[in-house]
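Novice: Have a look at this one before I ask anything.
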Amino acid sequence: MTPKKILRRPQPDTLPDWGQNLPPLLRRLYAARGVTSDEQLSYTLKHLASPLSLRGIDRAVELLAEAIDQQQRVLVLGDFDADGATSTAVAMLGLSMLGLQSIDFRVPSRFADGYGLTPGIIERLRDEGQLPDLMVTVDNGISAVEGVRAAKELGVKVVVTDHHLAGEELPDADAIVNPNQPGCPFLSKNAAGVGVMFYVLTALRKQLRETNRLPDPEPNLGCLLDLVALGTVADVVPLDHNNRIFVEQGLRRIRQGEARPGILALLEVAGRDHTAISSTDLGFVVGPRLNAAGRLDDMSIGIACLLADSPDEARRLARELDTFNRERRTIEKDMKAQAQDLLSSMSLDLDGLPWGLALFDTDWHQGVIGILAARIREQTHRPTIAFAPDENGEDIKGSARSIPGLHIRDVLAVVDSRHPGIMKKFGGHAMAAGMTLARDDLDAFSEAFDQAVRDTLSAEDLEAAITTDGPLGASELSLDTAALLKRAGPWGQHFPEPLFDGEFRVVSQRIVGENHLKLVLQPVEGGGIIDGIAFNTGPEVPDYTRTGARVVYKPDANTFRGRTNLQLLVDYLEPLA
Numbered sequence: 001m002t003p004k005k006i007l008r009r010p011q012p013d014t015l016p017d018w019g020q021n022l023p024p025l026l027r028r029l030y031a032a033r034g035v036t037s038d039e040q041l042s043y044t045l046k047h048l049a050s051p052l053s054l055r056g057i058d059r060a061v062e063l064l065a066e067a068i069d070q071q072q073r074v075l076v077l078g079d080f081d082a083d084g085a086t087s088t089a090v091a092m093l094g095l096s097m098l099g100l101q102s103i104d105f106r107v108p109s110r111f112a113d114g115y116g117l118t119p120g121i122i123e124r125l126r127d128e129g130q131l132p133d134l135m136v137t138v139d140n141g142i143s144a145v146e147g148v149r150a151a152k153e154l155g156v157k158v159v160v161t162d163h164h165l166a167g168e169e170l171p172d173a174d175a176i177v178n179p180n181q182p183g184c185p186f187l188s189k190n191a192a193g194v195g196v197m198f199y200v201l202t203a204l205r206k207q208l209r210e211t212n213r214l215p216d217p218e219p220n221l222g223c224l225l226d227l228v229a230l231g232t233v234a235d236v237v238p239l240d241h242n243n244r245i246f247v248e249q250g251l252r253r254i255r256q257g258e259a260r261p262g263i264l265a266l267l268e269v270a271g272r273d274h275t276a277i278s279s280t281d282l283g284f285v286v287g288p289r290l291n292a293a294g295r296l297d298d299m300s301i302g303i304a305c306l307l308a309d310s311p312d313e314a315r316r317l318a319r320e321l322d323t324f325n326r327e328r329r330t331i332e333k334d335m336k337a338q339a340q341d342l343l344s345s346m347s348l349d350l351d352g353l354p355w356g357l358a359l360f361d362t363d364w365h366q367g368v369i370g371i372l373a374a375r376i377r378e379q380t381h382r383p384t385i386a387f388a389p390d391e392n393g394e395d396i397k398g399s400a401r402s403i404p405g406l407h408i409r410d411v412l413a414v415v416d417s418r419h420p421g422i423m424k425k426f427g428g429h430a431m432a433a434g435m436t437l438a439r440d441d442l443d444a445f446s447e448a449f450d451q452a453v454r455d456t457l458s459a460e461d462l463e464a465a466i467t468t469d470g471p472l473g474a475s476e477l478s479l480d481t482a483a484l485l486k487r488a489g490p491w492g493q494h495f496p497e498p499l500f501d502g503e504f505r506v507v508s509q510r511i512v513g514e515n516h517l518k519l520v521l522q523p524v525e526g527g528g529i530i531d532g533i534a535f536n537t538g539p540e541v542p543d544y545t546r547t548g549a550r551v552v553y554k555p556d557a558n559t560f561r562g563r564t565n566l567q568l569l570v571d572y573l574e575p576l577a
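In UniProt numbering, the protein residues as written are 1 to 577.
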């Protein structure tokens, strides 16, 4: 494992006044995550921020209500990731529930079209005779200046719903709903694209209700919350209170078996019991299988799975997505090995590497470079961009992943200001971004990116660290604690799942499944024997039985042959001095 500093999250000196009915452990954990009142732990829908404060939502509702009244042709333009897929499904299902009859969707091809609404998509719709009366973008559109212009020149009205940061110029759309557009007072700037679309639907339902235009019986938009939860978690947006409400409400539907057949089928092919899932399952089990379609083939398959009404059809599509995901893992493994060779050729150790890494190989797959960048970022603790060839052979496309303390889109903006035109286009947010540049400009870009990162970070920022909530006492190392923490979520970005650290004797250790380290542990300060497992350590690990280990872990329940025992899921361990 890459050496890391173990930091402890600041804990309150005394237990807070709120949360009197909570166990002391949870009160400490919540307080350390910025919770200041019981209300912030209430996940009922009445605590959602009002959609009416979203700038542009009135006009968007007006256009959508008009489309329903006149039964216009509406086209939803999605995106090729899990947020885009769930946003598309929510728009399709929600608008149909509210009375729209002529509705369809398109998803840009990652390989042929690139990201978002482009003039090429509009031209293809025109040539096919498929131009709609109204186009609704979901999880994209805020940067589609040329695409919106092309649509409007052909008489197509455009409603943009998005959550990405706006550039210097906004598209001239008929309506823009984006909490991150200039001048928008909406409180939850962290909404995912699927959350923004859900808000548009709730505002539209309110307008139709007040004007007596709702279908009878009144549609229950709450049935879409499983999709909202999935897209929110999979897009790794910060789980502020508003987003935690979305996720918790969606998880409740899934656990009760009231989710879309496609979500239940994706859990089934992954061997997960839907009655006991957590937000982690959405992020690491369902999301990757859905994303695999957009990475390797066509996200339309993923959207079809989410839209499927028949469990049998949903299972068929889920199996297809699972196959894509297995293929994606194989490609990723090969690309990571190539990246390791490239890193080795650059330097013998981390100290010699650039502060900002820009890596390229002619054989890399566009659909997997984002995951590759994340893996290399985790290994080197450096902001990383992985590039793959574009279809035309002259350009390369990059996917960037950042580290805490570095806003990757802002750094790219600095590069663009210093070297105008070196990137043909770029966009993104704090932790992830994408860009296109000419292949011949890669060396110049790499130097400029490295310099911009050096101007932003300090050497200390490049030291990998892992933050924990401190130790658990002997009485807290129990199955009850594991169950308590699982129920206490939803955990996620900026509201992290609790991690603990402690010193342990290592009674025994062995490698299982070629890459995983199975441990038998005993707390140094006394206590019983506990199983532990560290995934993907590789076969070469120190002999911790001689030294003992400082272990960073999450308590978990492990069921084997009908018996359930406490098991520590090990995130990191190092020999005791």
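Cβ atoms here follow ideal geometry from the backbone N, Cα and C, with glycine treated the same way.
Which residues does DSSP list as the beta-bridge partners of A400?
Specialist: Note: A400 sits in a beta bridge opposite I385, A433.
Novice: Beta carbon of S87, beta carbon of T36: below 9 Å?
Specialist: Not closer than 9 Å, so no.
Novice: Who are the near neighbours of A293 in its chain, counting only those whose CB is closer than 7 Å to its CB and skipping five residues on each side?
Specialist: Once the five neighbours on either side are set aside, the close Cβ partners of A293 are M299, I301, G302, L321, F324.
Novice: Per DSSP, what are the beta-bridge partners of G502 in this structure?
Specialist: DSSP output for G502 lists V551 as bridge partner(s).
Novice: Provide the residue(s) that pair with T380 in DSSP beta bridges, ordered along the chain.
Specialist: Paired residues: none, contrary to the question.
Novice: Distance check for L307 and L348, CA to CA, integer angstroms please.
Specialist: Its pLDDT being 46, under 50, L348 is placed unreliably by the model, and the measurement read from it follows with that caveat. Roughly 50 Å between the two C-alpha positions.
Novice: Measuring alpha carbon to alpha carbon, tell me which of V551, D312, L477, A65 ends up nearest L573.
Specialist: L573 has its Cα closest to that of V551, out of V551, D312, L477, A65.
Novice: Relative to the C-alpha of G193, which residue among N212, L154, F246 is closest?
Specialist: The shortest C-alpha separation from G193 is found at F246.
Novice: What does the alpha-carbon distance come out to for the pair A358 and G526?
Specialist: If I take the Cα positions, the gap works out to 48 Å.
Novice: Report yes if the CB atom of K5 is closer than 9 Å to the CB atom of E463, and no otherwise.
Specialist: Yes, these two residues count as a Cβ contact at 9 Å.
Novice: Which residue's Cα is closest to the Cα of N220: M431, L93, Q522?
Specialist: For N220, the nearest C-alpha among the options comes from L93.
Novice: How big is the Cα-Cα spacing for P10 and G84?
Specialist: Looking at the two C-alpha atoms, the distance is approximately 36 Å.
Novice: Which same chain residues, not among the five before or five after T362, have their C-beta less than 7 Å away from its C-beta?
Specialist: Excluding sequence neighbours, T362 sits near P389.
Novice: Is the region 441 to 456 touching the region 472 to 483, taking contact as three or more C-beta pairs under 8 Å?
Specialist: They do not touch, by the three-pair rule.
Novice: Hey, how far is the Cα of P179 from the Cα of T232?
Specialist: Answer to the nearest angstrom: the Cα atoms are 15 Å apart.
Novice: Would you call H381 buried or exposed, if buried means 16 or more other Cβ atoms sit within 10 Å of its Cβ?
Specialist: H381 comes out buried.
Novice: Please go through the region 86 to 160 and give each complete beta strand (DSSP E) segment of 3 or more residues, from N-terminal end onward.
Specialist: Segments of the beta strand (DSSP E) lying fully in the region 86 to 160: 103 to 106, 134 to 138.
Novice: Run through the DSSP bridge pairs and tell me what Q256 is partnered with.
Specialist: Paired residue(s): none; Q256 is not in a bridge.
Novice: Three-state secondary structure (DSSP) at residue 578?
Specialist: Residue 578 lies beyond the residue range present for the chain, which begins at 1 and ends at 577; the question has no answer from this structure.
Novice: Does P16 come out as helix, strand or coil in the three-state DSSP assignment?
Specialist: Three-state result, P16: coil.
Novice: Between T436, V159, Y43, S278, which lies nearest to W491 when the distance is taken from Cα to Cα?
Specialist: Residue S278 is the option with its Cα nearest to W491.
Novice: Going by beta carbon distance, what residues of the same chain come within less than 6 Å of T559, once the five residues before and after it are set aside?
Specialist: There are no such residues.
Novice: Can you tell me the Cα-Cα spacing of R149 and A112, whole angstroms?
Specialist: For R149 and A112, the distance between alpha carbons rounds to 20 Å.
Novice: Should L290 go down as buried or exposed, given a rule of 16 or more other Cβ atoms within 10 Å for buried?
Specialist: When all chains shown are included, L290 counts as buried.
Novice: In angstroms, rounded to a whole number, what distance separates the CA positions of S109 and D79?
Specialist: Distance between the alpha carbons of S109 and D79 is about 9 Å.
Novice: Determine, using beta carbons only, whether L29 and A488 come nearer to each other than 9 Å.
Specialist: Taking 9 Å as the Cβ cut-off, L29 and A488 qualify as a contacting pair.
Novice: Measure how close the beta-carbons of L165 and H429 come, nearest whole angstrom, since I'm counting them as under 8 Å.
Specialist: Contact holds; Cβ gap of about 6 Å.
Novice: Under the rule that 16 or more other beta-carbon atoms within 10 Å means buried, what is N243, buried or exposed?
Specialist: Classification of N243: buried, given that the 10 Å Cβ count is 16 or more.
Novice: Express the C-alpha separation of A314 and D461 in angstroms, rounding to a whole number.
Specialist: Between D461 and A314, the C-alpha separation is close to 45 Å.
Novice: Report the partner residues of H516 according to the DSSP bridge assignment.
Specialist: According to DSSP, H516 bridges with V512.
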